[in-house]
Amino acid sequence: MNNARKQTYKDLLANTLREDANGYLIGELTTRYPNPGALIDVTEQELMSIKGIGTSKAKQIIAAVQLVKEFAAPLPEPTVVRTPNDVFSIMASELRYSPKELFVCLFLNTKNHIIAKDVISIGTLSNAIVHPREVFRAAIKRNSASIICCHNHPSGNPEPSSEDVQITKRLVSVGELIGIDVLDHIIIGGHRYISMREKGLMEIGP
């Protein structure tokens, strides 16, 4: 039991699926679902969209998640987001060293507690393509009151591009229509970040 507790999330997934912890399948799983909480509401169809996961492996993962839900220890105190720097502190280690652009959403409840985090899009060296429907589908699934978007610039320069501004304004606009606020979009580059809210780049005009 003690040895099991010392295993990492990645190791436990690898052992459950009898896969190499450093192989493609486990790497893809931990990128899309970076912690056990991200797997709580996952469906077989979502898992089977990953190359190498068929019905059997999808059922194994879901069964393991259900077992954890049944016997889980009390949840830790929820993480509260109050400032852009809070977001940077949470996301910097995950995003600053990624060689590709990752577009990640933090889903919050009405008290600004983080209830979930999802990788929405994995891009190339220079861009991550994201569509509002992917963002808000995940937000609705999580019963989220609001969201904070984050992505990295592998170049190390966090200055927003025109495309960053455009997609952010689209997300804000769609969020207003369906009642889910987009609170901020944080861009991380190296050891720096930019809050598009603080920069005044999220206003969609009259």
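For the sequence shown, counting from 1, position 150 maps to 150 in UniProt numbering; every step adds exactly one.
Yeah, the Cβ is synthetic: ideal placement off N, Cα and C, and Gly gets one too.
Nothing here was measured: the structure is a model prediction, and the numbers come from that model.
Sort out for me which residues DSSP pairs Gly189 with in a bridge.
Stepping through the sequence shown from its first residue, residue 189 is reached at position 189. Arg192, per the DSSP bridge assignment.
Per DSSP, which one or two residues make a beta bridge with Phe107?
Within the sequence shown, the letter at position 107 stands for residue 107. DSSP, once it has assigned bridges, lists Ala116, Ile147 as partnering Phe107.
Which stretch, first to last residue, makes up the alpha helix (DSSP H) that contains Ile167?
Locating residue 167 in the sequence shown gives position 167, where the first residue counts as 1. Taken as a continuous stretch (DSSP letters only), the alpha helix (DSSP H) holding Ile167 covers 162 to 178.
Using the Cα positions of Lys100 and Ile129, report the straight-line distance between them to the nearest angstrom.
Numbered from 1 along the sequence shown, position 100 holds the residue referred to as residue 100. Numbered from 1 along the sequence shown, position 129 holds the residue referred to as residue 129. A direct Cα-to-Cα measurement between Lys100 and Ile129 gives close to 12 Å.
Beta-carbon gap between His113 and Val87 smaller than 8 Å
Translated into the one-based positions of the sequence shown, residue 113 becomes position 113. Translated into the one-based positions of the sequence shown, residue 87 becomes position 87. Contact: no.
Touch test, the segment 185 to 205 against the segment 150 to 166, Cβ-Cβ under 8 Å, three pairs minimum
By the Cβ test, the segment 185 to 205 is in contact with the segment 150 to 166, since at least three Cβ pairs between them sit closer than 8 Å.
By alpha-carbon positions, which one of Phe103, Val119, Arg137 ends up nearest to Gly179?
Locating residue 179 in the sequence shown gives position 179, where the first residue counts as 1. The option with the nearest alpha carbon to Gly179 is Arg137.
Am I right that Leu106 and Lys57 are in contact with their C-beta atoms under 8 Å? What's the rounded C-beta distance?
Against the sequence shown, residue 106 aligns to sequence position 106. Against the sequence shown, residue 57 aligns to sequence position 57. Not really, about 28 Å apart at Cβ, beyond 8 Å.
Counted within 10 angstroms of its Cβ, other Cβ atoms place Val172 as buried (16 or more) or exposed:
Here residue 172 refers to the residue found at position 172 when the sequence shown is read from its first residue. Under this definition Val172 is a buried residue.
Nearest to Leu12 by CA position, among Thr31, Gln66, Pro36, is which residue?
Translated into positions along the sequence shown, residue 12 becomes position 12. Among Thr31, Gln66, Pro36, the Cα nearest to that of Leu12 belongs to Pro36.
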